[in-house]
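Peer 1:
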Amino acid sequence: MQRLIDAVEYGADFFVEEVQVRAIVFDNSDDVTLWATTVFDGQTYFFHLGLPFAQLDLLLRQAGVRSGELQEEVADALATAPRPCLLEYTAEGHEPFVLPDIALKLSFTYPADEDEFEDDEDEESEERSAADNVFYLEGIYRRLDA
1 MQRLIDAVEY GADFFVEEVQ VRAIVFDNSD DVTLWATTVF DGQTYFFHLG
51 LPFAQLDLLL RQAGVRSGEL QEEVADALAT APRPCLLEYT AEGHEPFVLP
101 DIALKLSFTY PADEDEFEDD EDEESEERSA ADNVFYLEGI YRRLDA
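If you count by our numbering, then the sequence shown holds residues 1 to 146, one letter each, in order.
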């Protein structure tokens, strides 16, 4: 599967829709990472999405008929699982869940020290490698025409 970072202009503001969440990763911070896919320009792409826990709860409420089940799984994992914890949705009976009628505004994550890259033709590819296909959630938008 292709990486989303290879399909979008580096540093651009952009939205993704038709998002399917394949895994939720918890660590010891207040942030969560989602492993997800999206259809962008007619192709399916994989990406990692960092977001605060409060926004995860909001996204889970948008997951249609599975929202209650997903919220319960997350609550159970937070109460009992050691950290880091991975909840995968890639097997039969645990399929990826869709965020219907939702558009997510994403932003790029940047290397910790942006000055380490010099201005040359390889700068963009080096930065993309450093970012490692990880985006940060800037906003959640419901489609009104859906």
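The beta carbon of each residue, even a glycine, is placed where N, CA and C say it ideally should be. If you're wondering where the values come from, they're calculated on a predicted model, not measured in any experiment.
1) Report the partner residues of LEU87 according to the DSSP bridge assignment.
2) Enumerate in chain order the residues of its own chain whose CB-to-CB distance from LEU4 is below 8 Å, with the five nearest sequence positions on each side excluded.
3) Do you know offhand how far GLU88's Cα is from THR80's?
4) Is the distance from the Cβ of PHE97 to the Cβ of ALA75 below 8 Å?
5) Applying the 10 Å Cβ sphere with the 16-neighbour rule, what's the burial state of PHE55?
6) Compute the Euclidean distance between the alpha carbons of LEU60 and LEU106, then round it to the nearest angstrom.
7) Just the Cα atoms here: how many angstroms apart are ARG83 and ASP30?
8) Report the residue from LEU99, ILE140, CYS85 and ALA7 whose alpha carbon sits nearest the alpha carbon of GLN43.
Peer 2: In brief:
1) ILE24
2) VAL16, THR38, PHE40, TYR45, PHE46, PHE47, ASN133 and PHE135
3) 16 Å
4) no
5) Residue identity check: residue 55 is Gln in the sequence provided, not Phe. So GLN55 ends up on the buried side.
6) Approximately 17 Å, taken between the alpha carbons.
7) Straight-line Cα distance between these residues: approximately 12 Å.
8) ALA7
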